[in-house]
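Protein chains in written order, with the working numbering: chain A, 1445 to 1557; chain B, 2 to 112.
First comes the structure, then the notes that go with it.
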Amino acid sequence: DAGITQSPRHKVTETGTPVTLRCHQTENHRYMYWYRQDPGHGLRLIHYSYGVKDTDKGEVSDGYSVSRSKTEDFLLTLESATSSQTSVYFCAAVPENTYNEQFFGPGTRLTVL
Amino acid sequence: QQQVKQSPQSLIVQKGGISIINCAYENTAFDYFPWYQQFPGKGPALLIAIRPDVSEKKEGRFTISFNKSAKQFSLHIMDSQPGDSATYFCAASGASGRLTFGEGTQLTVNP
Chain A
1445 DAGITQSPRH
1455 KVTETGTPVT
1465 LRCHQTENHR
1475 YMYWYRQDPG
1485 HGLRLIHYSY
1495 GVKDTDKGEV
1505 SDGYSVSRSK
1515 TEDFLLTLES
1525 ATSSQTSVYF
1535 CAAVPENTYN
1545 EQFFGPGTRL
1555 TVL
Chain B
2 QQQVKQSPQS
12 LIVQKGGISI
22 INCAYENTAF
32 DYFPWYQQFP
42 GKGPALLIAI
52 RPDVSEKKEG
62 RFTISFNKSA
72 KQFSLHIMDS
82 QPGDSATYFC
92 AASGASGRLT
102 FGEGTQLTVN
112 P
C-alpha cells in the first residue's frame, strides 16, 4: 500500500461547508494524486503533486483545491461542498524507481447533504 | 473526453473459466498500461502492467495482451476463481504520468 493512509475514512457534511481530506504517506514519495470515484466514471483525476508546493490540476478540478506543504501530506479541500461532490475520494502515490506505478490509499467516502 | 474505453461493464464467469476484459485507447502518446483490481470498500490495487514494446505479459493466472496498431489491450484471467470477483479497471498514461482510467468492469465468478 506504499504507506498511504487517508483521513477521515467517512464524512457526512452539509452543502456549503468547507471540507478537507488528508492523505498521509510515510515513504517519502514525490508524486501524489487525488482521484474521485463515481459509478460509471471509473476514477477521475482531481489534482496531483510532483513535490512540495508543486501541484497541478487534473480533469475534474473545479470546486477543489490542494496543498502540499510537506512531502508526507497532500490535502484536498472542498471550499464549499456541493451535493455533486458526494463521492469516494482516493489518494495515490508513486514509489521511487518505478514507472508510474500508482499505489492507492483506502479511500474516503464523502456524503454532502 | 473519454480516452480509454472499457468493456464489458459487467461479466459473469464460471469457476475455472477464462475472464476477458477489453480496453481501447485513443492517445497514441500513451506508453504505460496498467490494470487495477478493486474489492468493495478498498482502494484499487495494481494487478499487472505493460509497456508497448511487448505484445503480452503474463503474471500467474493474469495476462495482458497488447495490440499497438489497433490501440487495444486486454486482461485475461485464466482459471477464474470466486476470489477474483472484483471490479477491474484498465488505465493508460504517457510521459506526464497522469493515469486515465476506463469505466471499470464488475467481474463475478460463480462457484
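Note that the Cβ used here is the ideal one computed from N, Cα and C, for glycine as well.
Values in this document were obtained by computation on a predicted structure and should not be read as measured data.
Residue range of the beta strand (DSSP E) that includes residue i
i       : result
F90/B   : A87 to A93
M79/B   : That residue, M79/B, is in no beta strand (DSSP E); it is neither H nor E in DSSP.
R1453/A : Run containing R1453/A: none; DSSP gives neither H nor E here.
A1537/A : S1531 to V1538
F34/B   : F34 to Q39
A46/B   : A46 to I51
Close-in-space but distant-in-sequence residues of the same chain around residue i (CB under 7 Å, 5 per side omitted)
i       : result
N1472/A : T1515
R52/B   : D32 and Y33
Chain B within 7 Å of residue i, Cβ atoms only
i       : result
E1471/A : no
P1452/A : no
Between the CA atoms of residue j and residue i - distance to the nearest angstrom
i       : j       : result
I19/B   : G1460/A : 48 Å
D85/B   : K58/B   : 19 Å
V55/B   : F67/B   : 7 Å
A50/B   : F90/B   : 12 Å
Q73/B   : G61/B   : 22 Å
H1485/A : S97/B   : 21 Å
Q1450/A : E27/B   : 33 Å
V110/B  : L76/B   : 15 Å
Cβ neighbour criterion (16 or more within 10 Å) applied to residue i
i       : result
Y1479/A : buried
G1/B    : No answer is possible for residue 1/B: it lies beyond the span of chain B, which begins at 2 and ends at 112.
M79/B   : exposed
G1551/A : buried
G42/B   : exposed
G1495/A : exposed
H1454/A : exposed
Below-7 Å beta-carbon distance, residue i vs any chain A residue
i      : result
G61/B  : no
P83/B  : no
L47/B  : yes
G90/B  : The sequence given here has Phe at residue 90/B, not Gly. It does: the Cβ of F90/B has a partner Cβ on chain A nearer than 7 Å.
G44/B  : yes
G105/B : yes
Beta-carbon contacts of residue i that lie in its chain and below 8 Å, excluding the five residues immediately before and after
i       : result
E1458/A : A1525, V1556 and L1557
A92/B   : V5, F34, P35, W36, Y37, L100, T101, F102 and G103
P112/B  : K16 and P83
Own chain, CB closer than 6 Å to residue i, minus 5 neighbours either side, in chain order
i       : result
V1532/A : Q1481, G1551 and R1553
Residue i CB to nearest heavy atom of the ligand COA below 6 Å
i     : result
Q10/B : Questions concerning the ligand COA fall outside what the structure shown contains, since it holds no ligand whatsoever.
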